[in-house]
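J.: Take a look at the following structure, please.
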Amino acid sequence: MIDPRITKLANTLVHYSCAVKPGEKLLLEAIDVPHEFTTECVRIAAAVGALPLVLLKSNRVDRALRMAATEEQFNLMAQVERLQMENVQCYIGARGNPNVSELSDVPGPKQKIYESTVWKRVHSEVRVPKTRWVVLRWPNPSMAQLAEMSTDAFETFFFDVCTLDYAKMGRAMQALKKRMEATDVVRLKGPRDTDITFSIKGIPAIPCDGKLNIPDGEVFTAPVRDSINGVIHFNAPTMYRGVTHENIRLIFRSGKVVEATSTNTEKLNEVLDTDEGARYTGEFALGVNPYITKAMKDILFDEKIAGSIHLTPGQSYDEAPNGNKSEIHWDMVLLQRPEHGGGEIYFDGQLVRKDGLFVTEDLKALNPDALK
123 MIDPRITKLA NTLVHYSCAV KPGEKLLLEA IDVPHEFTTE CVRIAAAVGA
173 LPLVLLKSNR VDRALRMAAT EEQFNLMAQV ERLQMENVQC YIGARGNPNV
223 SELSDVPGPK QKIYESTVWK RVHSEVRVPK TRWVVLRWPN PSMAQLAEMS
273 TDAFETFFFD VCTLDYAKMG RAMQALKKRM EATDVVRLKG PRDTDITFSI
323 KGIPAIPCDG KLNIPDGEVF TAPVRDSING VIHFNAPTMY RGVTHENIRL
373 IFRSGKVVEA TSTNTEKLNE VLDTDEGARY TGEFALGVNP YITKAMKDIL
423 FDEKIAGSIH LTPGQSYDEA PNGNKSEIHW DMVLLQRPEH GGGEIYFDGQ
473 LVRKDGLFVT EDLKALNPDA LK
């Protein structure tokens, strides 16, 4: 028998996140996930009257491909996968990760080939702007270990997070969207020496309520490209290109990262030197998912942590553009709840969130107790 939690999640993805309609084509890219989940998505999509397509992948095989990467090889892969993506209206990306460090030893220049071909031409240029898409991780012992939980406890947590009432969350997010779109200057204060200011004037704020990511729970915009000044010292671990970084500290002047350190400063700066836009930011967001309370080095979860913000070196999104272009997009998370050192967020000089909790009446519906 199929685990009923799998059926509930598949229904959420097909009916709510992608809102699949009869006659539409749905691509399911399944990377190291159980076939039971993949087949349930196929069954539910077919029941709607859609035409499901499946692309099966493996992280271990992907590593081998990237280690052998040539421009010719990955241009061909991009051509094939782009053709497939251009012919669907909906996309579900289910990404298991038996070893979260699987790509850690792929050299930077090889990673860049993938990012500038398959990722850019298939996902950045087609999937993100032209399909109704949703991506999610799949629970496994590796993720449970990162979260410092038993496998069974993590599975329970995963399904609670992924099947909460996203429609209710979406309604509560409208007040934050309104406030952000009326704001010019944002100031962030936090643990250690974090004190940073920037403008978000004139850039849309986008509520994320389960239609693009599962789990979800953030409202994002982007800093005006040259407006960031100050220091931000992130207190959540982060993984990029398979390498773990802790205590990332960035100093900004006129929007640009002029100094960057972490527990792996060399690799950090290697990424930030990918191109000119990598040292400028493309996203600023507030996390509000009430069930996600600690970092686990999986950005699809960590960027949604209640009481967090994330700031993102690299490419901005088309929905909230600030003009920054880059081949990277690296979400870095700052936790502002008391157990992580606290912190404050000001919009045009008004305190709107303190120690992870919203303090203005219009935003209190986004606090964890109100959303559960």
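All residue numbers for the sequence shown refer to the numbering used here, where the first residue is 123 and numbers rise by one.
Glycine residues also receive a C-beta, built at the ideal position from the N, C-alpha and C atoms.
Just so you know, these numbers come straight off a predicted model, no measurement behind them.
(1) Quick check: what's the CA-CA separation for Ser-376 versus Thr-434?
(2) So Gly-465 packs on Pro-313, CB below 8 Å; how close in whole Å?
(3) Is it true that the CB of Gly-436 sits closer than 8 Å to the CB of Leu-479?
(4) What's the call for His-137, buried or exposed, on a 16-neighbour Cβ count within 10 Å?
(5) Quick check on the DSSP output: the alpha helix (DSSP H) that includes Glu-162 runs from which residue to which?
(6) Can you tell me the Cα-Cα spacing of Gly-215 and Leu-258, whole angstroms?
(7) Report yes if the C-beta distance between His-462 and Asn-357 is below 8 Å; otherwise report no.
(8) Give every residue of the same chain whose Cβ lies closer than 8 Å to the Cβ of Glu-158, excluding the five residues on either side of it in the sequence, and list them in chain order.
(9) Does the stretch 378-391 touch the stretch 408-415, meaning 3 or more C-beta pairs lie closer than 8 Å?
(10) So the alpha helix (DSSP H) Thr-434 belongs to, where does it begin and stop?
(11) Taking the straight line between their C-alpha atoms, what separation do you get for Arg-363 and Thr-343?
(12) Along the chain, which unbroken stretches of the beta strand (DSSP E) at least 3 residues long are found entirely within the stretch 341-399?
(13) Counting beta carbon pairs with one atom in the stretch 271-286 and one in the stretch 215-230, are three or more of them shorter than 8 Å?
(14) Got a sec? Which residues, its chain only, sit under 8 Å from His-367 by beta carbon, not counting five neighbours each side?
(15) Pull up the distance between the alpha-carbon of Glu-405 and that of Arg-309, whole angstroms please.
(16) In terms of DSSP beta bridges, what is Pro-174 paired with?
(17) Going by beta-carbon coordinates alone, are Val-341 and Met-302 separated by less than 8 Å?
(18) State the Cα-Cα distance for the pair Glu-194 and Leu-268, rounded to the nearest angstrom.
(19) Where Ala-295 and Pro-329 are concerned, what is the direct C-alpha to C-alpha distance, given to the nearest angstrom?
(20) Residue range of the beta strand (DSSP E) that Asp-317 falls in?
(21) Determine whether the beta carbon atoms of Glu-224 and Asn-181 lie at a separation below 8 Å.
(22) Under a three-way DSSP split, which group does Ala-200 fall into?
(23) Should Met-189 be labelled buried (16 or more other beta-carbon atoms within 10 Å of its own) or exposed?
(24) Is it buried or exposed for Lys-426, if we count other Cβ within 10 angstroms and need 16 for buried?
(25) As an exercise, report each continuous alpha helix (DSSP H) stretch of at least 4 residues that is fully enclosed by the stretch 179-267, in chain order.
(26) Three-state secondary structure (DSSP) at Leu-456?
(27) DSSP on Tyr-468, reduced to helix/strand/coil?
(28) Please classify Pro-261 as buried or exposed, where buried requires at least 16 other C-beta atoms within 10 Å of its C-beta.
(29) Looking only at C-alpha atoms, which of Val-155, Leu-173, Glu-162 sits nearest to Val-142?
(30) Under 8 Å, do Met-207 and Arg-249 count as touching if we go by C-beta distance?
(31) Over what stretch of residues does the beta strand (DSSP E) that includes Ala-407 continue unbroken?
(32) By the three-class DSSP mapping on this structure, what secondary structure does Leu-286 have?
(33) Just verifying my parser: in three-state terms, what is the DSSP assignment at Asn-133?
(34) Would you identify the three-state DSSP class for Lys-300, choosing helix, strand or coil?
(35) Whole angstroms are fine: how far does the CA of Asp-395 sit from the CA of Pro-460?
T.: Considering the structure as presented:
(1) 16 Å
(2) 7 Å
(3) no
(4) exposed
(5) 157-170
(6) 6 Å
(7) yes
(8) Ile-124, Asp-125, Ile-128
(9) no
(10) Note, Thr-434: premise wrong, no alpha helix (DSSP H); beta strand (DSSP E) at 430-435.
(11) 24 Å
(12) 351-355, 360-362, 365-367, 371-375, 378-383
(13) no
(14) Pro-359, Thr-360, Met-361, Ser-384, Thr-385, Asn-386, Lys-389, Leu-390
(15) 15 Å
(16) Leu-148
(17) yes
(18) 36 Å
(19) Here the sequence assigns Met to residue 295, which means Ala is not the residue at that position. Spanning the two alpha carbons is a distance of roughly 6 Å.
(20) 317-321
(21) yes
(22) helix
(23) exposed
(24) buried
(25) 181-189, 193-208, 230-236
(26) strand
(27) strand
(28) buried
(29) Leu-173
(30) yes
(31) 403-409
(32) coil
(33) helix
(34) helix
(35) 34 Å
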